[in-house]
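Undergrad: Below are the structure tokens for one structure; questions will follow.
Residue numbers (the numbering used here): 1035 to 1188.
What follows is the structure, given as structure tokens:
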């Protein structure tokens, strides 16, 4: 959290001062529990994938953590600060769910990574869409279980 800390601090302080609830998701395992009045969620606190899994699966697990946290908190806006697949997952979640996204990631287009980014976006889009479908389906199953329990009690 150190590199973009002053900018993040200003954003969080401004949002909390106006009465907004703010949650900061970070990959920093040493992050504090709170930052400028906002809850801080270390994604490393989530269960890690098995040690022998390929790196792509580790990144997919990190993206799934981001998506599940966002789905659970149902944010009104998402602020993305930094490059990487976790930031891309948050951005894609916002786009798919119609949540406004503010992005302060570096301009990777200047680095000549456009083709790679398009490929990563398509892979990530599939992974996030699958994760969202899974969350919606799990909610549907829980609803069906409750209907069956209510019918059995009647």
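For glycine and all other residues, C-beta sits at the position ideal for the given N, C-alpha and C. Please read these numbers as outputs of a predicted model, since none were measured by experiment.
1) Excluding sequence positions up to five away, which residues of its chain have a Cβ less than 6 Å from the Cβ of residue 1055?
2) In this structure, does DSSP put residue 1052 in helix, strand or coil?
3) When the Cα of residue 1135 is compared with those of 1050, 1164, 1074 and 1113, which residue comes out closest?
4) Specify, as a first and last residue, the run of the beta strand (DSSP E) that residue 1059 falls within.
5) If distances are taken between C-alpha atoms only, which option among 1165, 1097 and 1103 comes closest to residue 1118?
6) DSSP on residue 1110, reduced to helix/strand/coil?
7) Counting only the same chain and skipping the five closest in sequence on each side, list residues whose C-beta sits under 7 Å from that of residue 1074.
8) Distance check for residue 1174 and residue 1189, CA to CA, integer angstroms please.
9) Can you list, in chain order, the residues of its chain with a C-beta nearer than 6 Å to that of residue 1165? Leave out the 5 residues immediately preceding and following it.
10) Can you have a look at residue 1106 and say buried or exposed, based on whether 16 or more other CB atoms are within 10 angstroms of its CB?
11) Taking the DSSP output, what are the residues bridged to residue 1137?
12) Thinking C-beta only, is residue 1049 closer than 9 Å to residue 1072?
13) For residue 1161 versus residue 1041, is the C-beta distance shorter than 9 Å?
14) How would you label residue 1063, buried or exposed, when you count the other beta carbons within 10 angstroms and need 16 or more for buried?
TA: If we stick to the structure as given:
1) In the chain shown, the residue the question calls residue 1055 occupies position 21. Cβ within range, chain order: n/a, list empty.
2) Indexing the chain shown from 1 puts residue 1052 at position 18. DSSP places residue 1052 in coil when its eight states are reduced to three.
3) As a position in the chain shown, residue 1135 is number 101, starting the count at 1. For the residues 1050, 1164, 1074 and 1113, the minimum Cα distance to residue 1135 belongs to 1113.
4) Start at 1 with the first residue of the chain shown, and residue 1059 comes out as number 25. Residues 1057 to 1060.
5) Start at 1 with the first residue of the chain shown, and residue 1118 comes out as number 84. Answer by Cα proximity: 1097.
6) Stepping through the chain shown from its first residue, residue 1110 is reached at position 76. Residue 1110: coil per DSSP, three-state reduction.
7) As a working mapping, residue 1074 is identified with position 40 in the chain shown. Answer for residue 1074: 1058, 1060, 1065, 1066, 1067 and 1068, listed in chain order.
8) No information on residue 1189 is available, as it lies outside the stretch 1035 to 1188 that the chain covers here.
9) Position 131 of the chain shown holds residue 1165. Only 1098 and 1101 meet the Cβ criterion.
10) On the chain shown, residue 1106 is found 72 positions in, with the first residue counted as 1. So residue 1106 counts as exposed.
11) Residue numbering aside, residue 1137 sits at position 103 when the chain shown is read from its first letter. Residue 1137 pairs with 1114.
12) Within the chain shown, residue 1072 is the residue found at index 38, counting from 1. Within the chain shown, residue 1049 is the residue found at index 15, counting from 1. Cβ atoms of residue 1072 and residue 1049: closer than 9 Å.
13) Counting from 1 along the chain shown, the entry for residue 1161 is found at position 127. Counting from 1 along the chain shown, the entry for residue 1041 is found at position 7. It is not a contact, given that the beta carbons lie outside the stated cut-off.
14) For the purposes of this step, residue 1063 is identified with residue 29 of the chain shown, where counting begins at 1. With fewer than 16 other Cβ atoms within 10 Å, it is exposed.
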